[in-house]
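Residue 5 in full-length UniProt numbering is what sits at position 5 of the sequence shown, and the numbering runs on without skipping anything. Where is the CB? At the ideal position from N, CA and C, for every residue including glycine.
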Amino acid sequence: MDFRRLKNFITVVETGSIARAAQVLHIAQPALSVQMRQLESLAGCQLLSRSSRGVVPTATGLEFVRRTKEMLKMLEGLRGIGQEQASLPSGHVVIGTAASVAAMIAVPLVNGVREQYPAITLELVESPGAYVGEMLLRGRIDIAIMVGDYSASGMHVQQVATEDLFVLGLPGTAGEVELQQLAGARLIMPARPNSLRTLIDRACVERGVLPNVVTEASSPYTMLQLVRAGVGATVLPLSMLGDTRPTDLPVGRLVNPVLTRAITVATATETPLSPQLIAVKRLLLSILERQAGNSVWEGATRRA
């Protein structure tokens, strides 16, 4: 069977449209449609349900996707084993991460893979932290960098570091801000569900602090703009602001209690650890630990 046709089928399912998949794959749409019909003929059943709005996999198509991904991953692993014995690991590795962590590790990780493992192609997928674990369990990524105390059956989770939370934009504060000082303050917070919001809400309930949440936003950039506009203050790890700490706003580390969020790396327990996956994971862990141990990642502490 043509493995390229199988990979094209997965792209069609993930994009939900033969037209969009054709653009991604740089294939003429009629040719891709023929490939999908031929694949269904070989499978002996309908794999895609077609409509004017696009395509969705049938129940059989979903199972076909799952098994195809497993087979392609196994073949990729076998190829990697042969390459490792000959020289260096090779293949494709997909890492899913929250955008705030990506800002801290993307450049050193890409450079490290390019220098140490030139036969490995690396793909970084940024997603809201709440969804990265789900992407791992669904087989869309190989390695997950997660924030918060997220864990689930079917994944091996390793905590690498913790990040302190900071209060931005609360008038008259700097250096350190006690949780009690947030009582009654106008706050701009991440919208639920969100691990950071859950962490803050839980601490407020435990300490009897009643926050006044005036606005919810999902983008750190939007939150920062609202703080600058005087709408309210916000609570977040500084990594969510990228590599630029705001100098025009009061910034204080949240204390009494100190609130931290965990940074973890996870792989799926059912996914075979191919040589390229092992190599990239090892490099990723070393970079996360190094970044969390120096001033580049303010507020982060490497796990002892």
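Using beta-carbon positions only, say whether residue i and residue j come within less than 7 Å of one another.
i           : j    : result
A266        : L136 : yes
A22         : T11  : no
E178        : N256 : yes
L187        : V209 : no
S239        : M155 : no
residue 390 : I95  : The chain is shown from 1 up to 304; residue 390 falls before or after that span and cannot be answered.
T260        : D149 : no
S90         : A43  : no
P250        : T198 : no
residue 324 : V24  : With the chain covering 1 to 304 only, the question about residue 324 has no answer from this structure.
L283        : V160 : no
V227        : G184 : no
G299        : P237 : yes
V113        : L122 : yes
C204        : P193 : no
Cutting at 6 Å between CB atoms, please list the residues of its own chain near residue i, excluding the five before and the five after it.
i    : result
G293 : R302
E216 : M189, A191
E176 : G252, R253, V255
S218 : A191
V280 : V93
Within 10 angstroms of the Cβ of residue i, are there 16 or more other Cβ atoms? Answer buried if so, exposed if not.
i           : result
T222        : exposed
Q276        : buried
S107        : Here the sequence assigns Val to residue 107, which means Ser is not the residue at that position. Exposed, by the Cβ-count rule.
T271        : buried
Q291        : buried
Q158        : exposed
T97         : buried
Q35         : buried
L62         : exposed
G230        : exposed
T269        : exposed
residue 306 : This structure leaves residue 306 out entirely; the chain is present only between 1 and 304.
A19         : exposed
F9          : buried
A102        : buried
S100        : buried
S33         : buried
Please determine, among the options, the residue with the shortest C-alpha to C-alpha distance to residue i.
i    : options                : result
T60  : E70, S49, R53, G54     : S49
V167 : T269, T121, L224       : L224
E40  : R138, A102, P237, F64  : F64
Y117 : L288, I278, V296, A300 : I278
R5   : A203, K69, K281        : K69
G16  : L47, Q38, F3           : L47
D248 : S51, Q29, P171         : P171
A152 : T264, R53, S51, I200   : T264
Within 6 Å: the Cβ of residue i and any heavy atom of the ligand GTP?
i    : result
D142 : No copy of the ligand GTP appears in this structure; indeed no ligand is present at all.
Among residues of its own chain, excluding the 5 on either side of residue i, which ones have a beta-carbon nearer than 7 Å to its beta-carbon?
i           : result
G129        : A98, M146, V147, G148, S195
residue 358 : With the chain represented from 1 up to 304, any question about residue 358 goes unanswered, as that position is not in the structure.
W297        : M104, S239, Q291
V55         : V12, G16, S17, I18, L48, S49
L285        : V160, V265
Short of 8 Å in beta carbon distance, which residues of its chain neighbour residue i, apart from the five on each side in sequence? Order them along the chain.
i    : result
R207 : L179, Q180, P257
I141 : V94, I95, G96, V125, V132, M135
R66  : G139
TODO: Would you list, in sequence order, the uninterrupted alpha helix (DSSP H) runs of no fewer than 4 residues that lie entirely inside the region 187-275?
DONE: 195-207, 220-228
Task: Complete runs of the alpha helix (DSSP H) confined to the region 116-145 [at least 4 residues] - done: 129-137
Task: alpha helix (DSSP H) segments (min. 4 residues) lying fully within the region 90-120 - done: 99-116
Task: Length at least 4, wholly inside the UniProt domain "HTH lysR-type" (1-58): the alpha helix (DSSP H) runs in chain order - done: 3-15, 18-25, 29-43
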